[in-house]
Amino acid sequence: MATAVEPLLQKCSTLAQIKQFQAHLITTGIFQFQPSPRAKFLEVCSTSSAAASLLYAVEIFRHIASPVTNDWNAIIRGLAQSHQPADAVAFYRQGLRMLTCKPDALTCSFTLKACARALACNEAIQIHSQVIRFGFIADILLQTTLLDVYAKSGYLDNARKLFDEMSNRDVTCWNAMIAGLAQGNQPNEALQLFTRMRDLGFKPNEITVLGALSACAQLGVVREGENIYNYIKNQNLEKNEQVCNVVIDMFGKCGYVTKAYQVFNSMKCTKTLITWNTMIMVLATNGESLEALQLFNQMSKGGFRPDNVSYLAALCACNHAGMVENGVELFEKMTKDGSVVPNIKHYGTMVDLLGRSGRLQEAYNVIDSIPIKPDIILWQTLLGACKTYGNVEMAEKASRKLVEMGSSSDGDFVLLSNIYAAKHRWKDVGIVRETMKNKEVKKVPGFSYIDVDGVIHKFVNGDKSHLDMEEIYGKIEEIMGRIMEYGYVADTGYVLHDIGLEEKENALSYHSEKLAVAFGLIRMSSEIRVNKNLRICGDCHEVMKLVSKAYDREIIVRDRTRFHRFKQGLCSCKDYW
DNA sequence: TTAGGGTTAG
């Protein structure tokens, strides 16, 4: 009978239909006397998208005199997928306490999934010990779930320990660990594991490459990304549209827009909304704003309704090219249209857009008037704009908010200090520096890296550790001399950028991105690509522009959030950086 | 027969 129940039940799309089906089960006696189809019914009902069906399933469950394990599993599974996954954990605990639930491996699996969604690591640890106690720990599926829960709730060390101790691993375990590392901000480790997996003879599938490519994108290592892309083509994994989306994203995040576009245009599988959004965002972050907006319009004509991410991407396009009016217009269209409710990221982009173009008061008004609670990033964005335009009053306002919100980010203090320094308010600079010391705020050192013939060279500010340092410092002198002929004057405002650090690190000429570009000029004959962990400073931005002209060389710098493409003395950001 | 891994975002 169980086989007969499911296909019919799946067709029920409303609660009324589900109830009608239940009536049929009751009149035929199946419901009361056959636990197996009953549990199946509960499962379909609790996981159905029909409105209120989960509540109904719970209601039915409460009327079952002695529910079997599968009845429990059905409800826990439904609750785990719901908007309140924590309810699944509570339900499971209640069943254990009242001794009415005899859990099996599935019960634990569903409850653990709920923990992952509720980011409930402590509960996961408890269930982990129960899994051992109940004797399910040898189950490789459960181990994978456990690993995944730990990784998703930020306990990567626990996940890694479990992974390392597993006696049997299949592709899915590797996938869970690689994806966990990639999503947990450990892209290097993710790629190492990806290599090891292949060395051990495991064959990566479409899910493995999603994690590995995401790691490449974060690191900006196009060489490795390209290798994986070749593997994808050889293995015919391109038919998966998620894989294509991530390839597009990877090329974009590595600064190869043309390659991203080629993949987008030649996709053999169906483009989804995410595909369009990804491509628009790639164009936006790479400074191809007009193309991004064209694609945004084209997408609507192609029958895709832009969602909140599409709008965000389009707003980013405006932001990264200083197209303030277009951005404001787009934002108004989005809110008027009513199809998309602006979220904090849309407001964040608007604050950035207005702030970067000097409309600080309007940016402030946006934060002041939004219907949701402003977060730290909003005030940090405003503070950044205050630095650009030297607005001390507004900067102090933003800083006070940041302190109130408990931010101890080094960047906030550095920005405020620099704003004071630019106005020669040394006493205030001292106060900020003292506060930093008291709060033990450490400045994250700026670093840049460059790939020369497959070798990554990393530079920190004022670095002297590179083997070719003499040559590099010589090159910097040459560069400075040469760009002065093009009108360069050092912007000493930025010398004060790195407060509290040694003199040599302060020296403007030796910012990590300048060292990397100098090295690139020595060693490379074509375009120079540099990745930087922080935002590029104003002086470096100016220097890059002039170098691109003086040396007739294209320079592409990946910032924290976007790309600057310098060509013939101009930057793609049109100086809205 | 039911379970584990997955894409875009200031």
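For the first sequence, our numbering assigns the number 9 to the initial residue and increments by one for each residue that follows.
All C-beta atoms in this analysis are idealised placements derived from N, C-alpha and C, irrespective of residue type, glycine included.
In the three-state scheme derived from DSSP, where H, G and I count as helix and E and B as strand, D459 is classed as strand.
C-alpha of N78 to C-alpha of K169: approximately 31 Å in a straight line. Taking 8 Å as the upper bound for CB-CB distance, C116 and I133 are not in contact here, some 13 Å apart. Inter-segment contact for the region 322 to 333 and the region 293 to 302 is present: three or more beta-carbon pairs are separated by less than 8 Å. Unbroken alpha helix (DSSP H) runs of no fewer than 4 residues, entirely contained in the region 187 to 234, are found at 195 to 207 and 214 to 227, following chain order. By the Cβ test, the region 421 to 437 is not in contact with the region 460 to 474, since fewer than three Cβ pairs between them sit closer than 8 Å. Rounded to whole angstroms, the Cβ separation of S520 and N469 is 5 Å, and the two are in contact under 8 Å.
Taking a 10 Å sphere around the C-beta of P379, we find fewer than 16 other C-beta atoms and assign the residue as exposed. Here DSSP, grouped into helix, strand and coil, assigns H572 to strand.
Under the three-pair Cβ rule at 8 Å, the region 397 to 413 counts as touching the region 357 to 372. Residue range L281 to T293 is occupied by the alpha helix (DSSP H) that includes V290. With a 10 Å radius around the Cβ and a threshold of 16 neighbouring Cβ atoms, L320 comes out buried.
In this structure V349 is exposed. Its beta-carbon is surrounded by fewer than 16 other beta-carbon atoms within 10 angstroms. Taking a C-beta distance under 8 Å as the contact criterion, V271 and I256 qualify as a contact pair. Annotated three-state conformation of C581 is coil, per DSSP. Where I375 is concerned, the enclosing alpha helix (DSSP H) starts and stops at L368 to S377.
Shown here, R125 sits in a helix according to DSSP, grouped into three states. When the alpha-carbon of E51 is set against those of L164, I68 and G37, the nearest one is in I68. For a cut-off of 8 Å, the C-beta gap from A225 to K276 is around 22 Å, too long to register as a contact.
Going by DSSP, K169 is part of the alpha helix (DSSP H) stretching over L164 to E173. Here the alpha carbons of G263 and F571 stand approximately 7 Å from one another. The C-alpha of C53 lies about 50 Å from the C-alpha of A406. By the neighbour-count definition (other C-beta atoms within 10 Å, threshold 16), R105 is an exposed residue. With a 10 Å radius around the Cβ and a threshold of 16 neighbouring Cβ atoms, W284 comes out buried. For V251, the uninterrupted alpha helix (DSSP H) run begins and ends at E249 to K261, by DSSP. Cα atoms of C548 and K522: separation of roughly 7 Å, rounded to the nearest angstrom.
Non-local C-beta neighbours of M444 in its own chain, meaning closer than 6 Å and more than five positions away in sequence, comprise F421, ordered along the chain. Assigned with DSSP and collapsed to three states, F467 falls in strand. Of the other Cβ atoms in all chains shown, 16 or more fall within 10 Å of the Cβ of N539; this residue is therefore buried.
In terms of CA proximity to I240, L221 leads the group P45, L227 and L221. V565 is bridged by DSSP to V538 and H572. At a Cβ-Cβ threshold of 8 Å, L107 and A96 do not count as neighbours. Under the DSSP assignment, M488 falls in the alpha helix (DSSP H) whose first and last residues are M477 to M492.
Just so you know, the alpha carbons of C545 and V497 end up roughly 15 Å apart.
Between S274 and V230, the alpha-carbon positions lie close to 19 Å from each other. In the three-state reduction of the DSSP assignment, N81 falls in the helix class, which pools H, G and I.
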